[in-house]
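Note that the sequence shown covers residues 335 to 516 in the numbering used here.
Taking it in order: structure first as structure tokens, then the write-up.
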Amino acid sequence: MQPQVKIPESISEMITGYLWIEVSIGKSSAKVFCLQKPGRPDYFLKIAHKLPRRDLLEEREVLKWLSDKLPVPEVICFDEDDDRDYLLISGIPGTDAASLSGNMDRAGLVKLLARGLRRIHQIPVENCPFDRTLEVDLKIAEFNVKNDLVEDGDFDDSRQGISAEALYDELVRKRPESEDLV
Numbered sequence: 335m336q337p338q339v340k341i342p343e344s345i346s347e348m349i350t351g352y353l354w355i356e357v358s359i360g361k362s363s364a365k366v367f368c369l370q371k372p373g374r375p376d377y378f379l380k381i382a383h384k385l386p387r388r389d390l391l392e393e394r395e396v397l398k399w400l401s402d403k404l405p406v407p408e409v410i411c412f413d414e415d416d417d418r419d420y421l422l423i424s425g426i427p428g429t430d431a432a433s434l435s436g437n438m439d440r441a442g443l444v445k446l447l448a449r450g451l452r453r454i455h456q457i458p459v460e461n462c463p464f465d466r467t468l469e470v471d472l473k474i475a476e477f478n479v480k481n482d483l484v485e486d487g488d489f490d491d492s493r494q495g496i497s498a499e500a501l502y503d504e505l506v507r508k509r510p511e512s513e514d515l516v
């Protein structure tokens, strides 16, 4: 189902005739669509409001930086209009872990995830141009709480009934002394 949003011409020309399937797994704030067309590679189109953060702009830069370090999707096109960012990326071979969780034993899935995390952790951080330290993430969390961008009902079971403000205060109080940058 194509969203009721005008897609920039730079992208719409590339995806003419593709079937749109909304992707509902994951925690992206963007609308995500798998685009499929017989005989053509799958694409993924992400559409997100520019405010409060330009997540798709950052994702484009991260994917470009990782492209020679890990098997990540190729950035096909990035465009924007006054309100939204649009990121078109390639599909990559494989199956997401959420889809595997019901089809394989937990120990096997944990081993696969651990292997993937080990590959990510092996990338040297010295030349990484992105800053996602606790300091930065706590500032983002504080902004989100102060601007009512956190849905209190979207917490896990153990945090149900706790306000976003109280949870943020807990994060600040329990902040570790050091962090392992990845």
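Even glycine gets a Cβ: it sits at the ideal position worked out from N, Cα and C.
Between which two residues does the alpha helix (DSSP H) carrying Tyr-502 extend? Taking the sequence shown and counting its residues from 1, one reaches residue 502 at position 168. 498-507 is the span of the alpha helix (DSSP H), which, as asked, contains Tyr-502.
To the nearest angstrom, report how far apart Asp-482 and Ile-496 are at their CA atoms. In the sequence shown, residue 482 corresponds to position 148, counting from 1. In the sequence shown, residue 496 corresponds to position 162, counting from 1. Cα to Cα, Asp-482 sits roughly 14 Å from Ile-496.
Contacts around Glu-408, its chain only, beta-carbon distance under 6 Å, and the 5 residues preceding and following it disregarded: Sequence index remark: in the sequence shown, residue 408 carries index 74 (1-based). Ser-424.
Fully enclosed by the segment 400-478, which beta strand (DSSP E) runs are 3 residues long or longer? 409-414 and 418-424
Cα-Cα separation, Asp-450 to Arg-466: Within the sequence shown, numbered from 1, the residue matching residue 450 stands at position 116. Within the sequence shown, numbered from 1, the residue matching residue 466 stands at position 132. This sequence places Gly at residue 450; Asp is not what is there. Going by the C-alpha atoms only, they are around 20 Å apart.
Cβ pair count under 8 Å reaching 3, the segment 396-410 against the segment 441-457: yes
Could you check which residue in Ile-381, Arg-493, Val-506 and Ile-426 has the C-alpha nearest to that of Pro-375? In the sequence shown, residue 375 corresponds to position 41, counting from 1. It is Ile-426 whose Cα lies nearest to the Cα of Pro-375.
With the cut-off set at 7 Å, would you say Ser-363 and Ala-382 are in Cβ contact? Within the sequence shown, the letter at position 29 stands for residue 363. Within the sequence shown, the letter at position 48 stands for residue 382. Closer than 7 Å, so yes.
Could you pull out every unbroken alpha helix (DSSP H) segment of at least 4 residues lying fully inside the segment 342-395, listed in chain order? Runs found: 343-346.
From this set, Leu-434, Lys-480, Glu-395 and Leu-468, which residue's C-alpha is nearest Lys-508's C-alpha? Within the sequence shown, the letter at position 174 stands for residue 508. Considering only alpha carbons, the answer is Leu-468.
Does the segment 344-355 come close enough to the segment 410-422 that 3 or more CB-CB pairs lie under 8 Å? yes
Where Leu-385 falls, given that 16 or more other Cβ within 10 Å makes a residue buried: Here residue 385 corresponds to residue number 51 of the sequence shown, with the count starting at 1. Result: exposed.
C-alpha gap between Leu-472 and Lys-380, whole angstroms: In the sequence shown, residue 472 corresponds to position 138, counting from 1. In the sequence shown, residue 380 corresponds to position 46, counting from 1. Cα to Cα, the separation comes out at about 25 Å.
Reduced DSSP category for Gly-495 - H, G, I as helix; E, B as strand; rest coil: The sequence position of residue 495 within the sequence shown is 161, counting from 1. Here Gly-495 sits in coil by DSSP.
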